[in-house]
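Peer 1: The structure follows.
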Ligand SMILES: [Zn+2]
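Residue numbers (the working numbering): 547 to 806.
If you want it as structure tokens, here you go:
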């Protein structure tokens, strides 16, 4: 039952992330007006706004204009529902921490969508991640080994380390390749990731994100869809690295630094 509830709560959060990803770059309010059809702009009734289910029942079409509603809407809800369930399975015995961790995953998903769409990361979400990570640090089982002030210090340090290693990597990349590979938004995002997973976590996330991003970029270049000089948004890959690291790798101290 609790598993189902966390899944459903994740789906609702995913529904809100869809709104956030659409409205934040357009500088529209994220609370009002209520949900609207992305095609005809008419309001969506509450009974047509049940995450995942409504999209399936309406077969991916708006009830009013019958135009297709992009599958991305249900995909985001499903991904967020699965992330929420995964957090509950991993940390269900620590409900306060689990709730905070789900919100952090949601912020990373929203950042990814916005960076993917616009090539820019809204600083407000990254700063929220930093602040949230420091505030949630005393609950964080990944930091401080149960001593709350160590956890808070590790979180602040993690944010600093995240910012610095991202800055150093960007500077080195500019030296070697002569072009900007990362923007300022990536630096603050990695600081936010460090606030939740510490300096090692920020480092792991940068490493993993670069790896996945490189595989994606090289794949697109080989298929002739991208040129080598084309920019690739880095935020989604940092987020994938961060979430994967969050669940799987950090407790192992991947790759070189044994944590416990
Ligand atoms: Zn419509």
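Cβ coordinates follow ideal geometry from the N, Cα and C atoms, glycine included.
Once you ignore the five residues that flank residue 738 on each side, which residues in its own chain have a CB closer than 6 Å to its CB?
Peer 2: 672, 675, 676
Peer 1: For the 8 Å Cβ check, are there 3 or more pairs between the region 701-713 and the region 760-771?
Peer 2: no
Peer 1: Hey, residue 685 and residue 642: beta-carbon distance below 7 Å or not?
Peer 2: Yes.
Peer 1: Would residue 597 pass as a contact of residue 557 if the rule is Cβ separation under 7 Å?
Peer 2: yes
Peer 1: If we ignore side chains and look at the alpha-carbon of each, how far apart do residue 621 and residue 733 end up?
Peer 2: 28 Å
Peer 1: Going by DSSP in three states, residue 609 sits in which element: helix, strand or coil?
Peer 2: Residue 609: coil per DSSP, three-state reduction.
Peer 1: Report whether the distance from the Cβ of residue 610 to the nearest heavy atom of ligand 1 is below 6 Å.
Peer 2: yes
Peer 1: Just to confirm, is the Cβ distance from residue 651 to residue 635 under 7 Å?
Peer 2: no
Peer 1: Secondary structure at residue 589, three-state DSSP: helix, strand or coil?
Peer 2: Three-state DSSP puts residue 589 in a strand.
Peer 1: Nearer than 6 Å: is that true of the beta carbon of residue 582 relative to any heavy atom of ligand 1?
Peer 2: Outside the cutoff, so no.
Peer 1: DSSP has residue 614 in a bridge; who is on the other side?
Peer 2: 607
Peer 1: Determine the extent of the alpha helix (DSSP H) in which residue 572 is found, giving its start and end residues.
Peer 2: Premise fails: residue 572 is in no alpha helix (DSSP H) and is neither H nor E.
Peer 1: Cβ of residue 585 within 6 Å of any heavy atom in ligand 1?
Peer 2: yes
Peer 1: Who does residue 582 pair with in a DSSP beta bridge?
Peer 2: 589
Peer 1: How many angstroms separate the CA atom of residue 612 from the CA atom of residue 645?
Peer 2: 37 Å
Peer 1: What is the DSSP secondary structure of residue 726, reduced to helix, strand or coil?
Peer 2: It is coil, neither helix nor strand.
Peer 1: Here's the rule I'm using: 16 or more other beta-carbon atoms within 10 Å means buried, otherwise exposed. How should residue 548 be labelled?
Peer 2: Label assigned to residue 548: exposed.
Peer 1: Tell me the start and end of each unbroken alpha helix (DSSP H) in the region 648-692 that is at least 4 residues and wholly inside, in chain order.
Peer 2: Every alpha helix (DSSP H) of 4 residues or more that sits fully in the region 648-692 is shown, in chain order, as 669-682.
Peer 1: Look up residue 760 in the DSSP assignment and say whether it is helix, strand or coil.
Peer 2: When secondary structure is reduced to three states using DSSP, residue 760 falls in the helix class.
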